[in-house]
Structures are given as structure tokens and as C-alpha cells.
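Chemist:
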Amino acid sequence: MSADPGAIAARYAGTLGGFTLDAAFTVPMHGITALFGASGSGKTTILRAIAGLQRLPGSLSVGGEVWQDDAAGVFRRPHERPVGYVFQEASLFPHLSVRRNLVFGRDRAVAAGAAEDVRFDDVVEFLGLAKLLDRAPARLSGGERQRVAIGRALLAQPKLLLMDEPLAALDLASKEDILPYLETLHERLQVPALYVSHDLAEVQRLADTIVLLEHGKVLATGPLADVLTDVNLPSARRPDASAVLDAEVGAYDERYGLTAVTVDGGALLVPGRIGEPGAHRRIRIAAADVSLAIERPSRTTITNVLPARVVELRPIDDAQMNVVLTLGERGEGARVLARVTRRSVELLGIATGQAVFAQVKAVSMIRRKRTAVSIRRG
Amino acid sequence: MPHWVDLWPPIRLTLELASLTTILLMVVGTPIAWWLARSKARWKEAVAAVVALPLVLPPTVLGFYLLLFLGPQGPGGEVASWFGLRTFAFTFSGLVFGSVLYSMPFVVQPIRNAFAAFGDRPLEVAATLRASPWDTFWSVAVPLASPGFLTGAVLGFAHTVGEFGVVLMIGGNIPGRTRTLSVAIYDYVNTLHWTEAHVIAAGMVVFSFTVILAMMLLEKRIGRSTR
Chain R
177 MSADPGAIAA
187 RYAGTLGGFT
197 LDAAFTVPMH
207 GITALFGASG
217 SGKTTILRAI
227 AGLQRLPGSL
237 SVGGEVWQDD
247 AAGVFRRPHE
257 RPVGYVFQEA
267 SLFPHLSVRR
277 NLVFGRDRAV
287 AAGAAEDVRF
297 DDVVEFLGLA
307 KLLDRAPARL
317 SGGERQRVAI
327 GRALLAQPKL
337 LLMDEPLAAL
347 DLASKEDILP
357 YLETLHERLQ
367 VPALYVSHDL
377 AEVQRLADTI
387 VLLEHGKVLA
397 TGPLADVLTD
407 VNLPSARRPD
417 ASAVLDAEVG
427 AYDERYGLTA
437 VTVDGGALLV
447 PGRIGEPGAH
457 RRIRIAAADV
467 SLAIERPSRT
477 TITNVLPARV
487 VELRPIDDAQ
497 MNVVLTLGER
507 GEGARVLARV
517 TRRSVELLGI
527 ATGQAVFAQV
537 KAVSMIRRKR
547 TAVSIRRG
Chain Y
22 MPHWVDLWPP
32 IRLTLELASL
42 TTILLMVVGT
52 PIAWWLARSK
62 ARWKEAVAAV
72 VALPLVLPPT
82 VLGFYLLLFL
92 GPQGPGGEVA
102 SWFGLRTFAF
112 TFSGLVFGSV
122 LYSMPFVVQP
132 IRNAFAAFGD
142 RPLEVAATLR
152 ASPWDTFWSV
162 AVPLASPGFL
172 TGAVLGFAHT
182 VGEFGVVLMI
192 GGNIPGRTRT
202 LSVAIYDYVN
212 TLHWTEAHVI
222 AAGMVVFSFT
232 VILAMMLLEK
242 RIGRSTR
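For the record, the sequence lines run as chains R and Y.
Convert by adding 176 to the 1-based position in the first sequence; the result is the number in our numbering.
Convert by adding 21 to the 1-based position in the second sequence; the result is the number in our numbering.
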């Protein structure tokens, strides 16, 4: 098999106790890739196979290194794969203090010859673990435990971070406590991550690339923004279907409390001071929050009205349709979904290629912080 | 007037026998317990049953077969001849061998349960943190199973101290070589030395109570620190 140094290429096919998995995908060796699907779609099984914890027939190469190739008889055992694995339950070693849990993987990785790129002090500082170091895991809250587990995985000097629904076992407050770390992790650490989740909001917030799974098969793989706005996929039929866009922060208007942001193909005003000019934010526009007009509406309370072009129309059911738009006068910008009734489409005669105005009722900010500090040196 | 000095040799012999047996059981019993706890082999319960056999088997039955096994005509006698001996029966070595078999279930069972209790997860975590299986065994499995090791060691030791039937069958009653405490009590009672019997019996009661109490307290402490 060929091993692309810039990619993670996995191909697994096999039956496990009545469950058939036949999945192949190639994703970039950078950023966060979400393995997204309902429970039973095989996403955790794939993650375990990538870590070597489960042996499935197939092949796997990570960043140019072959970790499994059945044809060539290659199978690296789990402890020979430089991964950091965060399980759904923190699974800290109960007999070791937080400090000794944290260094467990680092000591072994360094002894095996790994460069100590991720430093103990930086991880402790980044995850706010300083006060917990001498505690026993039993004396930590759920959120604290998961933070330690993330730190422990990072300190193992991984080439690939594997996260199996690390937030699923946590209550809402702990979830909100951890999410910002995962968001910033993304920018502070140059290690690619595979993130298993069944929570679309989480995926929209964190992922750059998405692998969409259903019943052990890959439905789609690609950049998050493309896959989310692909109306041929079942994910676009969900009531919470949305588009995510990268937005650059512009000026803040004191008088109305609005910040101008620019997205590919348009400009928006969003409530609140969302960051310094020049900073990048990820925003989400739900399909249900976008309506269409043929002429620019003159007297409306909707602040954000953007010119766009219709790219594709797809019925969802008898009443509703998904309309894929690209922003901009000539439709050269980012893709956005609009959910409209079939009746409106017929009455207004909306068709592919047509210039329309997208009225965006709500924009949500889904990734807030961005820090310049790096926890990876060298 | 009782001969107090006569009490010491059986006590010393019993302590030596129990200590050596416990150490050997830790060495032999741990891999068996690990295999029984982790293996997915179908026939492992048959092995578990063989290990547990001394729990229900009359000690005289075990002793009888051991006698044949260790005697001059048995494989044990064959091994003994390599060391210039005629037989392992009626020797300290023979007693140790018998005790290891007889006390095996009391050591293997608690350690097996302790290994099984923590499941696959800690071992998988260790593997993803670059620990080899050998490393994982020592740095994760053994510490997590420490209450089981403690219980196993104490039960194995105490059970060996109290062993009677097997000792009598394969050891006889040779002072200083195979005459252990429990055989000594039997002996004293037979010869109407009630005072000596009383002293040893009461000593055993105190010893057993102390051992069990210490074990329970220790287990509680370990339990607190590993959970």
C-alpha cells in the first residue's frame, strides 16, 4: 500500500459479532476530523482499530507510516502506535496521583525515543491542572478527570490524537468546561485528531473534516463545510441542519452593539463584541434561519440580507425543501443552506442559477477563543 | 511438668513451611490467576476446577495420591533420585509440594477475582500510553489487584499453618522434619499432654484472629487508596 505522509488512510472490512463494517476513508494529517454517526454506525470500533485495541481486517497508514497492512503482514501493537487516546470515561489509573497519571505515557514515550515536544508544565498550565496534581483521581469531579485524561493523552507525545466521545459522559456544565480546551487545543497543538461523536453541534464546533458513517459504511468524507451543505446526504435533512463558515472579525459598532464580520462572499452584523478585528471565528447559520427573497427587501427587521446564487434544490418531504446557496452577487462565496417550503419555491419560481437574497435571521458563534500561545515547542 | 523446649521445633517448622509455601504460591499462582482471569479459552473453567479441587477433596485423598506420586515408585521419587534421595515422601520438600497444591485455591481465587474486577479498560489505557504488556502487568494490573494479592497471601499462609490431613499422609510425624503444629496438637492429645495441647491450640486461635483482623484492616486501607 502507498503511504501518504500528509494523510491518514484507513480501510477496514470485517464482521464483528453480527455487525458488519466496511469503511474506508482518507483524511488530512492535520486539524480535527470528526467520525460522525448514530450509535451503531461503527465509529468507536474504527477508532479502537486505529489505536490497535481491536484487530479488524484491513489497512491503516498514518502520516506516511504503515500501522497495519494485512497483505504485507504488518500490524503494530497498540503500545507501538504513537497515539493519545481519550476514552469516553476518563479511565484514570485509580492507584496513581494526578501527577503520576499525567507522566505515565510521557515517561514511556520518551524512553522509547520520542521527542518531548509536549511539555508537562505547558499541559498543566493549559488545562489548569496545577491544583490537582497531588490528588487521587477519586477526589476529582467528572470534568476535572476528563481534563486530566486529555492531558495524559497529550503528554504521551502522540502523532495522532484519538478521542472517543470525550464529552458524552459529562453533565452539561462539565461539557461547557471542557469544550473551550478542545477548541483551543486545535490551534495550539499541531497534532491531528480523530474525534468520535454523535452530537452534531459538537462536530460543527470542533471539526475541520468530517467522516459521515452509517451502519458501518462511510457515507461521505470531506471538509466540514462541504459535507454539512451536501443536500444529498441524510444529515442535511435533519431539523438542525446548518452551514458553518469562517468569519473574520471587523469593526465593532458601539452604538448598536453589533460587530461586523466578513465571510467568503458577504458581510454580516452579529450581536455583541465577539473579538478583536482580524480574528477568525467560526459561525453557524441554520438552514431554518435562512429565508429567500427575489428582490432586495427594503423595509425589514432582518439585519443580514446577502446576495447569493441558487446552486441546488432538493425536497426534504412533501412540504419542505433544502436550497443550497453560494454567497455573493455571482455566487462565488461560501455555501449556505436555506430551508423553504416547496410552495414558496414554486410561487417565486426559484431555480438553479438564479440570483436571490438570503435573509439570515440568526447567526451563532460556535468557536470563540483563539490563543496565540503554543504548547508544542520545537 | 511440660517440656516447653519441645514446643519450639514444630512452631519453627510450621512457620518455615507456611512462608515457603506462600512465596511459591505467589510465584506459581499469579500467572495461573492471570490466565484464568484474562483468557477466553473455553476449557479454562476446567483448569479452574482442577485448581479448586482441594477445596472439596478430603485431604486424605489428596494425601494418598501425593504419597503415591512422591514415593519411590512415583515420578516424585524419580526426581528425588537425581538428588540422591529415595523418595520425597516424609521429607520437608514433600510437605512443601503438598502444601502448594493444597493451598493453591486460597491464593489463586482472590488474585483471579482481583484481576477480573478491573476489566480491560485500565490495560487498554496503559497500551495507548506506550506500556508493553509486561510493563502494564507490573505497573497497572498488580497494583490494582493488590487487595487480592494480600488476601491470597494471608489465606494461603494461614491455611498452610492449619493443614493436617495432607501432612499426616505424606509427612508422617518426624520431629523437626515433618512434625507441624497441627500434628503436634494431635500427638499431645493422644498422649494426654493436655497442657501443651492447650498452649498450642490457644496460640493458634490468637494467631488466626490477629491475621484475619490485620488483613481486614489492611484491605480496607488499600481499598480506600485505589478507589
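Positions of the beta carbon are idealized from the N, C-alpha and C atoms, including for glycine.
Keep in mind it's a predicted model, so treat the numbers as computed, not measured.
Say whether chain R places a C-beta atom closer than 8 Å to the C-beta of residue 248(Y).
Modeler: Along the second sequence, one-based indexing puts residue 248(Y) at 227. Per-residue confidence for residue 248(Y) stands at a pLDDT of 48, beneath the threshold of 50, marking its modelled position as unreliable; the derived number appears in the next sentence. Yes, contact with chain R.
Chemist: Would a check of beta-carbon distances place residue 284(R) closer than 8 Å to chain Y?
Modeler: By one-based count along the first sequence, residue 284(R) stands at place 108. So, interface residue.
Chemist: Cα separation between residue 213(Y) and residue 178(Y)?
Modeler: Position 192 of the second sequence holds residue 213(Y). Position 157 of the second sequence holds residue 178(Y). Taking the straight line joining both Cα atoms gives about 29 Å.
Chemist: So which of 418(R), 268(R), 412(R), 492(R) has the shortest CA-CA distance to residue 17(Y)?
Modeler: Because chain Y is modelled from 22 through 248, residue 17(Y) falls outside the range shown and cannot be assessed.
Chemist: On the three-state DSSP scale, how would you describe residue 547(R)?
Modeler: Locating residue 547(R) in the first sequence gives position 371, counting from the first residue. Annotation note: pLDDT 40 at residue 547(R) (below 50); position unreliable, coordinate value reported separately. It is coil, neither helix nor strand.
Chemist: Buried or exposed for residue 223(Y), going by 16 or more other Cβ atoms inside 10 Å?
Modeler: On the second sequence, position 202 is the one that residue 223(Y) refers to. Answer is exposed; the Cβ neighbour count stays below 16.
Chemist: Determine, using beta carbons only, whether residue 97(Y) and residue 135(Y) come nearer to each other than 8 Å.
Modeler: Taking the first residue of the second sequence as 1, we reach residue 97(Y) at position 76. Taking the first residue of the second sequence as 1, we reach residue 135(Y) at position 114. Not closer than 8 Å, so no.
Chemist: Go through its chain and collect everything with a Cβ distance to residue 236(Y)'s Cβ below 6 Å, but skip five positions before and after it.
Modeler: As a working note, residue 236(Y) is residue 215 in the second sequence. Around residue 236(Y): 175.
Chemist: When the cut-off is 8 Å and only beta carbons count, does residue 428(R) lie next to chain Y?
Modeler: As a position in the first sequence, residue 428(R) is number 252, starting the count at 1. Not closer than 8 Å to any Cβ of chain Y, the Cβ of residue 428(R) fails to qualify, so no.
Chemist: Going by C-alpha distance, which of 537(R), 181(R), 436(R) is nearest residue 452(R)?
Modeler: Start at 1 with the first residue of the first sequence, and residue 452(R) comes out as number 276. The shortest C-alpha separation from residue 452(R) is found at 436(R).
Chemist: In the DSSP assignment, what residue or residues form a beta bridge with residue 188(R)?
Modeler: Translated into positions along the first sequence, residue 188(R) becomes position 12. Residue 188(R) is bridged to 199(R), 234(R).
Chemist: Is it buried or exposed for residue 549(R), if we count other Cβ within 10 angstroms and need 16 for buried?
Modeler: In the first sequence, the residue the question calls residue 549(R) occupies position 373. Here residue 549(R) scores only 40 on pLDDT, less than 50, and its place in the model is too uncertain to base an answer on.
Chemist: Near residue 554(R), which residues of its chain fall below 8 Å by C-beta distance, leaving aside the five closest residues on each side in sequence?
Modeler: The count along the first sequence starts at 1 and reaches residue 554(R) at position 378. Annotation note: pLDDT 39 at residue 554(R) (below 50); position unreliable, coordinate value reported separately. Excluding residues within five positions, the ones whose Cβ falls inside 8 Å are 291, 293.
Chemist: Assuming residue 392(R) and residue 347(R) make a contact with CB atoms under 8 Å, what is their CB distance in whole Å?
Modeler: Along the first sequence, one-based indexing puts residue 392(R) at 216. Along the first sequence, one-based indexing puts residue 347(R) at 171. About 31 Å separates the two Cβ atoms, so there is no contact after all.
Chemist: Need the endpoints of the alpha helix (DSSP H) that residue 90(Y) sits in, please.
Modeler: Taking the first residue of the second sequence as position 1, residue 90(Y) is located at position 69. Counting along the chain, the alpha helix (DSSP H) containing residue 90(Y) begins and ends at 80-91.
Chemist: Can you name, in chain order, every residue of its own chain whose Cβ lies under 7 Å from the Cβ of residue 123(R), other than the five neighbours on each side?
Modeler: No statement about residue 123(R) is possible, as the shown extent of chain R runs from 177 to 554 and does not include it.
Chemist: Check whether chain R comes within 8 Å of residue 131(Y), counting only Cβ atoms and requiring the distance to be less than that.
Modeler: Counting from 1 along the second sequence, the entry for residue 131(Y) is found at position 110. No, residue 131(Y) lies away from the interface with chain R (no Cβ there is under 8 Å from its Cβ).
Chemist: Per DSSP, which residues does residue 320(R) bridge with? Please list them.
Modeler: Taking the first residue of the first sequence as 1, we reach residue 320(R) at position 144. Note: residue 320(R) sits in no beta bridge, so no partner.
Chemist: Run through chain R and tell me which residues come within less than 7 Å of residue 145(Y), C-beta to C-beta.
Modeler: By 1-based counting over the second sequence, the position of residue 145(Y) is 124. Within chain R, the residues near residue 145(Y) are 229.
Chemist: What in chain Y is Cβ-close to residue 254(R), meaning under 7 Å?
Modeler: For the purposes of this step, residue 254(R) is identified with residue 78 of the first sequence, where counting begins at 1. Those are 148, 149, listed as they occur along chain Y.
Chemist: Could you check if residue 547(R) is buried or exposed, using at least 16 other CB atoms within 10 Å of its CB as the buried criterion?
Modeler: If you number the first sequence from 1, residue 547(R) lands on position 371. Note that residue 547(R) has pLDDT 40, beneath the 50 cutoff, so the model's placement of it is unreliable and the number below is only indicative. The residue in question, residue 547(R), is exposed, as its Cβ has fewer than 16 Cβ neighbours within 10 Å.
Chemist: Is the separation between the beta-carbon of residue 489(R) and that of residue 533(R) shorter than 8 Å?
Modeler: The count along the first sequence starts at 1 and reaches residue 489(R) at position 313. The count along the first sequence starts at 1 and reaches residue 533(R) at position 357. It is not a contact, given that the beta carbons lie outside the stated cut-off.
Chemist: Between residue 251(Y) and residue 137(Y), is the Cβ-Cβ spacing less than 8 Å?
Modeler: This structure gives no information on residue 251(Y), because the portion of chain Y shown stretches from 22 to 248.
Chemist: Is the CB-CB distance between residue 266(R) and residue 325(R) below 8 Å?
Modeler: Residue 266(R) sits at position 90 when you count from the first residue of the first sequence. Residue 325(R) sits at position 149 when you count from the first residue of the first sequence. Cβ atoms of residue 266(R) and residue 325(R): closer than 8 Å.
Chemist: So within the region 370-438 of chain R, which uninterrupted beta strand (DSSP E) runs reach at least 3 residues, ignoring any that extend past its ends?
Modeler: Correct list: 385-390, 393-399, 418-429.
Chemist: Would you mind telling me which residues of chain Y sit closer than 9 Å to residue 344(R), beta carbon to beta carbon, in chain order?
Modeler: On the first sequence, position 168 is the one that residue 344(R) refers to. Those do not exist, as residue 344(R) stays about 16 Å from chain Y at its closest Cβ, beyond 9 Å.
Chemist: For residue 334(R), which residues of its own chain have a beta-carbon under 7 Å away from its beta-carbon, when the five flanking residues on both sides are left out?
Modeler: Counting from one through the first sequence, the residue named residue 334(R) turns up at place 158. Only 258, 259, 260, 367 meet the Cβ criterion.
Chemist: Of all the options 28(Y), 193(Y), 218(Y), which has the alpha carbon lying nearest to the alpha carbon of residue 115(Y)?
Modeler: Translated into positions along the second sequence, residue 115(Y) becomes position 94. Among 28(Y), 193(Y), 218(Y), the Cα nearest to that of residue 115(Y) is on 193(Y).
Chemist: Within this structure, are the beta carbons of residue 165(Y) and residue 271(R) separated by less than 8 Å?
Modeler: For the purposes of this step, residue 165(Y) is taken as the residue at position 144 of the second sequence. For the purposes of this step, residue 271(R) is taken as the residue at position 95 of the first sequence. It is a contact, given that the beta carbons lie within the stated cut-off.
Chemist: In chain R, what lies closer than 7 Å to residue 153(Y) by C-beta?
Modeler: By one-based count along the second sequence, residue 153(Y) stands at place 132. Per Cβ cutoff of 7 Å: 255.
Chemist: Given that a residue counts as buried once 16 or more other Cβ atoms are within 10 Å of its Cβ, and exposed if not, what is residue 213(R)?
Modeler: Walking along the first sequence from the start, residue 213(R) turns up at place 37. Buried is the call here.
Chemist: Give the residues from the region 318-336 of chain R that approach chain B closer than 8 Å (Cβ to any Cβ), ordered along the chain.
Modeler: Looking at the structure shown, chain B is missing, and the protein chains on hand are R and Y.
Chemist: Between residue 171(Y) and chain R, is there a C-beta pair that is closer than 8 Å?
Modeler: Here residue 171(Y) is taken as the residue at index 150 of the second sequence, counted from 1. No, residue 171(Y) lies away from the interface with chain R (no Cβ there is under 8 Å from its Cβ).
Chemist: Got a sec: which bits of the region 162-194 of chain Y sit with their beta carbon under 7 Å from any beta carbon on chain R, in order along the chain?
Modeler: Answer set for the region 162-194 of chain Y: 164, 165.
Chemist: Identify the continuous beta strand (DSSP E) that holds residue 209(R) and give its terminal residues.
Modeler: Numbered from its first residue, the first sequence carries residue 209(R) at position 33. From DSSP, the beta strand (DSSP E) with residue 209(R) extends over 208-212.
Chemist: Go to residue 350(R), then tell me how far its alpha helix (DSSP H) extends in each direction, as first and last residue.
Modeler: For the purposes of this step, residue 350(R) is taken as residue 174 along the first sequence, with counting starting at 1. Its alpha helix (DSSP H) spans residues 348-364.
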